[in-house]
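Count along the sequence shown from 1, then add 11; that gives the number in the numbering used here. Right, one structure below, let's go through it.
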Amino acid sequence: MKNDTNPLRVLFFTSAVEHRTFRKTVKMLSEVGIKAHYIGFTRYNYPCPNDGLETTILGKVQHRNYIKRFFLVFGQLPRVRRKAKKNDLVYCFSLDALILASLATVGTRIPIVYQVQDIRPILVGRKIKNRLSRLLEKLALGRVKHVVLSSRAFYESHFKVHYGLSEDWISVIENKIENDPNPPVIQVKNITSWHTSPIRIGYFGMLRCSRSWEILKSAVDSAEGRLELIVRGKPVGLKTFDTDVSSSNRIFYGGPYRSPDELDNLYQRVDLVWSAYPYGKGEQGNWQWARTVRFYEAGAFGKPMISQAETQDAYVISQYGIGLNIDMADPQGVIERLLSISHEELSEWSRNLLNTPRSLFIHTEEEYRELKEKLNILVGGTNELA
């Protein structure tokens, strides 16, 4: 068994070293005593955050250039194998990293851990490509000793259903935000001041849901000054975005932002946060199974939220009364509901947030200490998780 004087040595391996959640996992496990070595590939146009995490970059891969990527990745397998042998365990982020790590450790007894942040659309559905993708994941799981999921629903709806994975094999660590030693002071805005100003809805992050955009734009246009939309992040696939912003005096776009550095300032500017996933049109997938980053951020900064019905966000919002659940299958109904939001119910949602456990939104060190102990058991060879 490893301990603080003989720390567990873990090789963290990914095909996207710049991914903020992956880096957060490495940092949080390092803080509870794991000796981390972080390696992997980076993507062109995606710089690594300046967060102080030491990273070994094996090469840069380009989107859609699969032949070049194949030769680059497989050319690095001997290097990955050498590094794996210097560690007690290999911890993989995403399926592609898992496949590569499995190949690199053939013939060794090095345990492999698989962290699943999102379940890709290719793994969901009944088409041949979906079935083949799940078969590939099932084969890759043959080398895995433990699976770390960002949502309990991933286990219930995917890993248990398709692979019959035992619950003893999994840990759930949600994509919450890191604990802030100087947390923001959360106060409920005075209703009187709300009546003298528009309700500001924040739409932050990766802006890629065309239905969300059409609903929000139409609601603001119809509100006669009672609603404003504050937008920050990266618009993707929203063809009319620039025109919509420039033609409205109630939609304000501030460009991309740095997380977590600008979150406090960002969330303090709004009264209500749009936390809905890109609309899933009824098919199964992440929009039903995983809570959104905006859900965690909004809760941590004391802002009520708007979520798609029958999602993981929506269940918590209903339980604690901290926002509004809508159904984007009925865009006009959503627009009418947004226009009917009163300052009184907004104030009630805000007060309820003050009484909602912050552990729903913010990581605790204990979560990672428990995961560390499970990893220690794997390396100790007790096979208690199998």
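All C-beta atoms, glycine included, are put in the ideal place defined by N, C-alpha and C. Every value quoted in this text rests on a predicted model; they were computed, and no experiment measured them.
Compute the Euclidean distance between the alpha carbons of Leu249 and Leu365, then round it to the nearest angstrom.
For the purposes of this step, residue 249 is taken as the residue at position 238 of the sequence shown. For the purposes of this step, residue 365 is taken as the residue at position 354 of the sequence shown. Answer to the nearest angstrom: the Cα atoms are 35 Å apart.
Under 8 Å Cβ to Cβ from Leu19, same chain only, skipping five residues before and after it: list those, please.
In the sequence shown, residue 19 corresponds to position 8, counting from 1. Residues Lys13, Gly44, Ile45, Lys46, Asp99, Leu100, Lys383, Leu386, Asn387, Val390 of the same chain have their beta carbon placed closer than 8 Å to that of Leu19, with the five preceding and five following residues left out of the count.
Looking only at its chain, what residues have a beta carbon closer than 7 Å to the beta carbon of Thr36, apart from the 5 residues adjacent to it on each side?
In the sequence shown, residue 36 corresponds to position 25, counting from 1. So the qualifying residues of the chain are Gln126.
Residue interval of the alpha helix (DSSP H) (run including Glu413):
Residue 413 lies beyond the stretch modelled for the chain, which goes from 12 to 397, so this question has no answer here.
Exposed or buried, which one is Asp324 when buried takes at least 16 other CB atoms within 10 Å?
Sequence index remark: in the sequence shown, residue 324 carries index 313 (1-based). Under this definition Asp324 is a buried residue.
Minimum C-alpha distance to Leu227 - residue among Ser208, Val256, Lys245
On the sequence shown, position 216 is the one that residue 227 refers to. Looking only at Ser208, Val256, Lys245, the smallest Cα-Cα distance to Leu227 is reached by Val256.
Length of the line joining the Cα atoms of Val124 and Phe215
Translated into the one-based positions of the sequence shown, residue 124 becomes position 113. Translated into the one-based positions of the sequence shown, residue 215 becomes position 204. If you draw a straight line from the Cα of Val124 to the Cα of Phe215, it is about 32 Å long.
Could you tell me the alpha carbon to alpha carbon distance between Trp180 and Val158, rounded to whole angstroms?
As a first step, residue 180 is located in the sequence shown; it is residue number 169 there, counting from the start. As a first step, residue 158 is located in the sequence shown; it is residue number 147 there, counting from the start. Spanning the two alpha carbons is a distance of roughly 6 Å.
Between Leu100 and the ligand HEM, is there a pair consisting of the residue's CB and a ligand heavy atom that are separated by less than 7 Å?
As far as ligands go, the structure on display features none, and thus does not contain the ligand HEM.
Tell me whether Leu19 sits in a helix, a strand or coil according to DSSP, three-state version.
The residue you call residue 19 lines up with position 8 of the sequence shown. The answer is coil: DSSP assigns Leu19 none of H, G, I, E or B.
Looking at C-alpha atoms only, which residue of Phe372, Tyr268, Tyr331, Ala309 is the closest neighbour of Ala287?
In the sequence shown, residue 287 corresponds to position 276, counting from 1. Answer by Cα proximity: Ala309.
Given 8 Å as the limit, is there contact between the stretch 53-73 and the stretch 106-125, that is, 3 or more CB pairs closer than that?
Between the stretch 53-73 and the stretch 106-125, the count of C-beta pairs closer than 8 Å stays below three; the two stretches do not touch.
In three-state DSSP terms, what is Met39?
Start at 1 with the first residue of the sequence shown, and residue 39 comes out as number 28. Here Met39 sits in helix by DSSP.
CB Leu22 to CB Ala108, shorter than 8 Å?
Taking the first residue of the sequence shown as 1, we reach residue 22 at position 11. Taking the first residue of the sequence shown as 1, we reach residue 108 at position 97. Going by C-beta atoms, Leu22 is not nearer than 8 Å to Ala108.
Of the residues Leu134, Arg154, Lys156, Val155, which one's Cα is nearest the Cα of Leu146?
The sequence position of residue 146 within the sequence shown is 135, counting from 1. Checked all of Leu134, Arg154, Lys156, Val155; the closest Cα to Leu146 is Leu134.
Quick check on the DSSP output: the alpha helix (DSSP H) that includes Val172 runs from which residue to which?
Here residue 172 refers to the residue found at position 161 when the sequence shown is read from its first residue. Val172 -> alpha helix (DSSP H) spans 171-174.
Touching or not, the stretch 271-287 and the stretch 149-164, by the rule of three or more beta carbon pairs under 8 Å?
With the rule of 3 Cβ pairs closer than 8 Å, the stretch 271-287 does not count as touching the stretch 149-164.
Output the distance between the C-alpha atoms of Leu152 and Leu111, rounded to the nearest integer angstrom.
Along the sequence shown, one-based indexing puts residue 152 at 141. Along the sequence shown, one-based indexing puts residue 111 at 100. Going by the C-alpha atoms only, they are around 12 Å apart.
Roughly how many angstroms lie between the CA atoms of Gly213 and Cys220, to the nearest whole one?
For this step, residue 213 is matched to residue 202 along the sequence shown. For this step, residue 220 is matched to residue 209 along the sequence shown. Straight through space, the alpha carbons of Cys220 and Gly213 are spaced by roughly 14 Å.
On the three-state DSSP scale, how would you describe Asn141?
Working through the sequence shown from its first residue, we reach residue 141 at position 130. It is helical.
Mind checking whether Ile259 and Val231 have CB atoms under 8 Å apart?
In the sequence shown, the residue the question calls residue 259 occupies position 248. In the sequence shown, the residue the question calls residue 231 occupies position 220. The amino acid at residue 259 is misidentified as Ile; the sequence shows Ser. Judged by beta-carbon spacing, Val231 lies within the 8 Å limit of Ser259, meaning their Cβ atoms are closer than that value.
For the alpha helix (DSSP H) that contains Ser113, what are its first and last residues?
Residue 113 sits at position 102 when you count from the first residue of the sequence shown. Unbroken alpha helix (DSSP H) run through Ser113: 106-115.
Euclidean distance between Cα positions of Leu218 and Trp285
As a position in the sequence shown, residue 218 is number 207, starting the count at 1. As a position in the sequence shown, residue 285 is number 274, starting the count at 1. Taking C-alpha positions only, Leu218 is separated from Trp285 by approximately 11 Å.
Segments assigned alpha helix (DSSP H), at least 4 residues, entirely inside the stretch 261-331:
You should have 274-279, 297-300, 304-311, 323-331.
Which term fits Ala27, buried or exposed, when burial requires 16 or more other beta carbons within 10 angstroms of its beta carbon?
For the purposes of this step, residue 27 is identified with residue 16 of the sequence shown, where counting begins at 1. Classification for Ala27: buried.
Can you tell me whether Tyr55 is helix, strand or coil according to DSSP?
Here residue 55 is taken as the residue at index 44 of the sequence shown, counted from 1. It is coil, neither helix nor strand.
By how many angstroms is the C-alpha of Lys38 removed from the C-alpha of Cys103?
The residue given as residue 103 occupies position 92 in the sequence shown. The residue given as residue 38 occupies position 27 in the sequence shown. Per the coordinates, the alpha-carbon of Cys103 lies some 15 Å from the alpha-carbon of Lys38.
Output yes or no for whether 8 Å exceeds the beta carbon distance between Gly344 and Ser318.
As a working mapping, residue 344 is identified with position 333 in the sequence shown. As a working mapping, residue 318 is identified with position 307 in the sequence shown. Not in contact: Gly344 and Ser318 (Cβ atoms no closer than 8 Å).
Simplified DSSP state of Glu29, which is helix, strand or coil
As a working note, residue 29 is residue 18 in the sequence shown. Here Glu29 sits in coil by DSSP.
Excluding the 5 residues flanking Glu185 on each side, which residues of the same chain have their C-beta closer than 6 Å to its C-beta?
Counted from its first residue, the sequence shown places residue 185 at position 174. By the criterion of a C-beta distance shorter than 6 Å, Glu185 is surrounded in its chain by Ser161, once the five residues flanking it on both sides are discounted.
Whole angstroms are fine: how far does the CA of Glu377 sit from the CA of Gln299?
For the purposes of this step, residue 299 is identified with residue 288 of the sequence shown, where counting begins at 1. For the purposes of this step, residue 377 is identified with residue 366 of the sequence shown, where counting begins at 1. Using only the alpha carbons, I get a separation of about 27 Å.
Can you give me the Cβ contacts of Ala397 inside the same chain, cut-off strictly under 6 Å, excluding the 5 residues immediately before and after it?
Taking the sequence shown and counting its residues from 1, the one referred to as residue 397 is at position 386. At Ala397, the pLDDT of 36 sits below 50, so the modelled position is not reliable; the number obtained from the coordinates is stated separately. Nothing meets the Cβ criterion.
Nearest-angstrom Cα distance between His169 and Ser113?
The sequence position of residue 169 within the sequence shown is 158, counting from 1. The sequence position of residue 113 within the sequence shown is 102, counting from 1. In this model, His169 and Ser113 are separated by some 21 Å (Cα to Cα).
Which value, in whole angstroms, describes the spacing of the CA atoms of Asp275 and Ser144?
Position 264 of the sequence shown, counted from the start, is the residue given in the question as residue 275. Position 133 of the sequence shown, counted from the start, is the residue given in the question as residue 144. Their backbone Cα atoms lie some 40 Å apart in a straight line.
Can you tell me which residues form a DSSP beta bridge with Tyr214?
Here residue 214 corresponds to residue number 203 of the sequence shown, with the count starting at 1. Per the DSSP secondary-structure output, Tyr214 pairs in a beta bridge with Val242.
Would you mind stating whether Gly313 and Asn363 have Cβ atoms separated by less than 8 Å?
Position 302 of the sequence shown, counted from the first residue, corresponds to residue 313. Position 352 of the sequence shown, counted from the first residue, corresponds to residue 363. No, the Cβ-Cβ distance between Gly313 and Asn363 is not below 8 Å.
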